[in-house]
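Chemist: In the UniProt record's numbering, the protein residues as written are 1 to 169.
Where a beta carbon is used, it is the ideal one built from N, C-alpha and C, also for glycine.
1. Would the region 130-138 and the region 152-159 be scored as touching if the rule is three or more Cβ pairs under 8 Å?
2. Please list the segments of the beta strand (DSSP E) lying wholly inside the UniProt domain "DOT1" (90-152), counting only runs of 3 or more residues, in order along the chain.
3. Tell me whether residue 164 sits in a helix, a strand or coil according to DSSP, three-state version.
4. Is it right to say residue 163 is buried, meaning 16 or more other beta carbons lie within 10 angstroms of its own, or is it exposed?
5. Are residue 122 and residue 154 closer than 9 Å when you measure CB to CB?
6. Leaving out five residues on either side along the sequence, give the residues of the same chain with a beta carbon under 7 Å from the beta carbon of residue 149.
7. DSSP on residue 78, reduced to helix/strand/coil?
8. Do residue 139 and residue 147 have their beta-carbon atoms positioned less than 9 Å apart in this structure?
9. Does DSSP classify residue 154 as helix, strand or coil?
10. Report, in whole angstroms, the separation of the C-beta atoms of residue 67 and residue 95, which I expect to be a contact under 8 Å.
11. Exposed or buried, what is residue 71 when buried is set at 16 or more other beta-carbons lying within 10 Å of its beta-carbon?
12. Spatial neighbours of residue 129 within its chain, please: CB distance less than 6 Å, with the 5 preceding and 5 following residues excluded, ordered by chain position.
13. Who are the near neighbours of residue 113 in its chain, counting only those whose CB is closer than 8 Å to its CB and skipping five residues on each side?
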């Protein structure tokens, strides 16, 4: 479980939300601060404000809202964990955790490939695809039903969110 995933010090700052658990308010505040500093820059081209590479068309909050909208048709029932099979669904990384991760590793550019092992429906991949210039976002997921649910949602959004095209799962 989450209690065994890392040292006590690391758990106190962990962005991992164990099933039924909560992120500390201290971590959430740090994630929001890092998200704002990482995603907030805007440049100008020909007098028109243009998002920077890190921001592109989505800031941290905008990306979280877009990811929420993309996967809104997937219910908790769809991704529920089967009794006795704790390895199937360990927890959930929240948008603030993704923003903290991205702020920690620094900007991802066209030479980077983002890999998510245990990708679930692909919400983290979508967040990274929308907020970075990573060349490719690859997800590996054991549960076929989650892959199918995520792919269905993503396919419906490709015309609206073309940056999702760099996702593979």
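Modeler: Looking at the atomic coordinates:
1. no
2. 91-93, 113-117 and 136-140
3. helix
4. Burial of residue 163 is indicated by the presence of at least 16 other C-beta atoms within 10 angstroms of its C-beta.
5. yes
6. 74, 78 and 121
7. coil
8. Contact: yes.
9. helix
10. Correct: roughly 7 Å between the Cβ atoms.
11. So residue 71 ends up on the buried side.
12. 137, 163, 164, 166 and 167
13. 134, 135, 136, 137 and 138
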